[in-house]
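Before any comments, here is the structure.
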Amino acid sequence: MFCIWCDTEIMIEVNWNNLFYPDHPKPLCDQCETKLDFLSGNQCTLCGRNWDFGNRCRDCARWEKDPEWQGVLTFNRSVFSYSKAIQEMVAKWKYRGDYVLVESFRQGFQAAFTKQFSFLEVAVIVPIPLSLERLSERGFNQAEALADFLNATTIQALTRIHGEKQSKKTRRERLVSTNPFEVVTHIKTPVILIDDIYTTGITIRHAAKKLRDAGCPEVYSFTLIRG
Amino acid sequence: MNRNHWKMKLRGRSHVEEWLPAPTDPQQLDSPLEEIKAFATNFSGKLLVRHEIPIDDKMLANLVSTQFFTCIPSITQNPHQCRRCGNQLQRLFANIPCSKCGRTHVYCRKCIEMGRIMHCEPLYVWTGPTVNWKKYDQPCKWSGELTAHQQQAADQISQLIEKGSGELLVWAVCGAGKTEMLFPGLTRALQQGKRICIATPRSDVVRELLPRFQRAFPTVSIEALYGGSEHKEGKSQLILSTTHQLLRFARAFDVMVIDEIDAFPFHHDPSLAYATSRAARTDASNIYLTATPRSNQKRRISSQKLPTVFVPVRFHGEPLPEPTMKQSWDLRSSLKRHLLPSAFIQWFSKRSRPDRQLLIFVPTIELASQLVPSIQELCSQYSTKKMVDFVHAGDTNRKKKVDAFRAKKVFVLITTTILERGVTFPSVDVAILDAGHHVFDEAALVQIAGRAGRSPDDPTGEVVFFHNGKTDAMVHAIQSIKKMNKRGKEFN
Chain W
3 MFCIWCDTEI MIEVNWNNLF YPDHPKPLCD QCETKLDFLS GNQCTLCGRN
53 WDFGNRCRDC ARWEKDPEWQ GVLTFNRSVF SYSKAIQEMV AKWKYRGDYV
103 LVESFRQGFQ AAFTKQFSFL EVAVIVPIPL SLERLSERGF NQAEALADFL
153 NATTIQALTR IHGEKQSKKT RRERLVSTNP FEVVTHIKTP VILIDDIYTT
203 GITIRHAAKK LRDAGCPEVY SFTLIRG
Chain G
620 MNRNHWKMKL RGRSHVEEWL PAPTDPQQLD SPLEEIKAFA TNFSGKLLVR
670 HEIPIDDKML ANLVSTQFFT CIPSITQNPH QCRRCGNQLQ RLFANIPCSK
720 CGRTHVYCRK CIEMGRIMHC EPLYVWTGPT VNWKKYDQPC KWSGELTAHQ
770 QQAADQISQL IEKGSGELLV WAVCGAGKTE MLFPGLTRAL QQGKRICIAT
820 PRSDVVRELL PRFQRAFPTV SIEALYGGSE HKEGKSQLIL STTHQLLRFA
870 RAFDVMVIDE IDAFPFHHDP SLAYATSRAA RTDASNIYLT ATPRSNQKRR
920 ISSQKLPTVF VPVRFHGEPL PEPTMKQSWD LRSSLKRHLL PSAFIQWFSK
970 RSRPDRQLLI FVPTIELASQ LVPSIQELCS QYSTKKMVDF VHAGDTNRKK
1020 KVDAFRAKKV FVLITTTILE RGVTFPSVDV AILDAGHHVF DEAALVQIAG
1070 RAGRSPDDPT GEVVFFHNGK TDAMVHAIQS IKKMNKRGKE FN
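Chains W and G are the protein sequences, given in the same order.
For what it's worth, this note's numbering labels the leading residue of the first sequence as 3, then goes sequentially.
For what it's worth, this note's numbering labels the leading residue of the second sequence as 620, then goes sequentially.
The following block contains the structure:
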């Protein structure tokens, strides 16, 4: 096996545990694996970022003060914190289009999902869509690729109107931008939105708002990275 | 290695000629001639994916149906081979559920940094009319003079360019003035209206060469291609390029000069050799420049299969500084504690020219940063100047730091092997800490030794290998430097 990030060979040490039942082959070598930082410690109860000064972080407090956005999103949870290493990996995965790199997040993503969302008995997964233009440019939707890892009902309930990339806008520009989503399927059960990254939270909230307006009782979100 | 791999090795690479379409005689197209000409300059000699062709879909379909463009599959099946980068390593292919064609198919991971090659998208090859490149009368404005050694090599290069199809290895010592030796030959090529490429493995070198060529050939259209360069079209007659960027070319150049054919990325990555040989036309003159040929090239030289010309003396006529070896038993243990070995401290305190800047090579990135404090301390003891800095391949400020060292703002620069070649500092001493480490092979050691004594004002310089047990690489490197100096003396 070779590491899918640095392409060095992974040597598996044989011991009594894996002699008869071999472990699952790992996509990353040990060195690359340690570069991914799992979110742990004190977290903001709403957006899931590391936060040591109380329940909610400053951003979330601002969101909840605004009557337009209050309670739209029940909470967000993420798997990894933002770091240089994961930024590089995601850039190659998403923008260069190296699809197979998604495998390096599989295990962490599945484990965190079970830990955070197993309390929900009925929930539907909705991946954040890409606009048709962006989809044909990239060839795949990164949120769908992540949603495929989860063993739950997935519905493409939203569509997206083409606009400029979020990552090219400033925070202020993002916050005043118009809602690019449209609901195509009305869902009456709780929804878990899936995306690759939660940065300001505007994309997730735009999607959540449309779903709530269409009759969805509760919207959660689960992202790979809390930016 | 699996069995398949060996089978492929035995069978060899699939020859480019087998699948690369020949220029056709296209049917009439009701576009103006000027437009077709512009397309030809832009696209001929290249292998392109759709988004690299800035033409609308209708026009492109028209050009394909009239055979101005020919489509070829981008990735072969069983076994997979990427037609752009030549990759045949099956683990560097992966599947993608493609939303464009709705099917799951393979893509190439090897050359993905240059834009993804998908199985469902073809590569486009220009098979329309060929370009008549401009014939210049007197393109070269370089007024310098070549030394007798340089002239000898320059003559052979010119001969080969005149004749076309063939190879020539120029084995020239570090600092021989290889670029200038090319000028007469390139002038000849431009007079004949030939297309030229000078390829080098490192983008630093491309950036350094561009202004020198622009000064020498001010009227010629020159483009520099490297990752992140402002020009990417590659439609000029004279192209300076990193070997990576050549992955977009096929059968484009009449004259192909490959600088540093032995350099690290070229030496290890088969796709770069594939790309450079494909970028040259079948009747091209191939010129290889090197100071340290690898064993396979040496073998071809000694069996007289590769015509070779030697340039054993630097342009200023002085011999190469011969390295000395200094053994230090506490080397590894000191370095482990981020301290300097005693032999180094002793040498540093008694340097013959303590005002010379010092370039220190270390085997690893970590060591480069860790040694900064102890060297700073040493400098403050023995010298008035004490600016110490370090640099490595991943360093974002790499260019700035190298420039600062060249401008003498930094007194000591600690570096990994990235500065082993291509860079010139006028007057430095060179030390290698742990020269026995495996990253310092013979070629690297010869190149590193070649950093000293580059300037005619200060043509000597000390080169010291600090080691705790000499290696074959060190012995061979010193032997080969001595041999070159001897050859130079005989010539005189």
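Cβ coordinates follow ideal geometry from the N, Cα and C atoms, glycine included.
Are there 16 or more other CB atoms within 10 angstroms of the CB of residue i, so buried, or fewer, so exposed?
i	result
T839/G	Here residue 839/G is Val; the residue named in the question, Thr, does not match the sequence. Buried, because 16 or more other Cβ atoms sit within 10 Å of the Cβ of V839/G.
L652/G	exposed
Y1001/G	exposed
M875/G	buried
D881/G	buried
C46/W	buried
V124/W	exposed
D873/G	buried
W18/W	exposed
H1039/G	Just to set this straight, residue 1039/G is Glu in the shown sequence, not His. E1039/G comes out buried.
H1011/G	buried
W948/G	exposed
P1075/G	exposed
N1112/G	Nothing in the structure corresponds to residue 1112/G, since chain G is present only between 620 and 1111.
H208/W	buried
Any beta-carbon of chain G closer than 7 Å to the one on residue i?
i	result
R240/W	Examination of residue 240/W is not possible in this model, given that chain W is present from 3 through 229 alone.
L137/W	yes
Y101/W	yes
F142/W	yes
F4/W	yes
Does the beta carbon of residue i sit closer than 7 Å to a beta carbon anywhere in chain W?
i	result
S848/G	no
K782/G	no
I672/G	no
R728/G	yes
R735/G	yes
I694/G	no
P1033/G	One detail in the question is off: residue 1033/G reads as Ile in this sequence, not Pro. No - not a single Cβ of chain W is within 7 Å of the one on I1033/G.
I731/G	yes
Return the bridge partner residues of residue i from the DSSP annotation.
i	result
I1051/G	F980/G, F1084/G
I691/G	L742/G
G785/G	S904/G
H863/G	Looking at the DSSP assignment, H863/G forms no beta bridge with any residue, so it has no partner.
E184/W	T161/W
P992/G	According to DSSP, P992/G bridges with nothing at all.
S1074/G	D1077/G
S875/G	Note that residue 875/G is Met in the sequence shown, not Ser. DSSP, once it has assigned bridges, lists C816/G, N905/G as partnering M875/G.
E842/G	I858/G
N52/W	Q45/W
A899/G	F872/G
D1008/G	L1032/G
C701/G	I694/G
According to DSSP, simplified to helix, strand and coil, what is residue i?
i	result
A641/G	coil
I674/G	coil
V824/G	helix
V102/W	helix
S1002/G	coil
K665/G	strand
S762/G	coil
H724/G	strand
K1019/G	helix
S133/W	coil
C730/G	coil
S85/W	coil
V934/G	According to the sequence displayed, residue 934/G carries Phe and not Val. Note: F934/G maps to coil in three-state DSSP.
A713/G	strand
W790/G	strand
D756/G	coil
M737/G	strand
Chain-ordered residues of the region 105–128 of chain W with a beta carbon less than 7 Å from chain G: none
Could you name the residues of the region 709–720 of chain G whose beta carbon sits closer than 7 Å to any beta carbon of chain W, in the order they occur along the chain? R710, A713, I715, P716, C717, S718, K719
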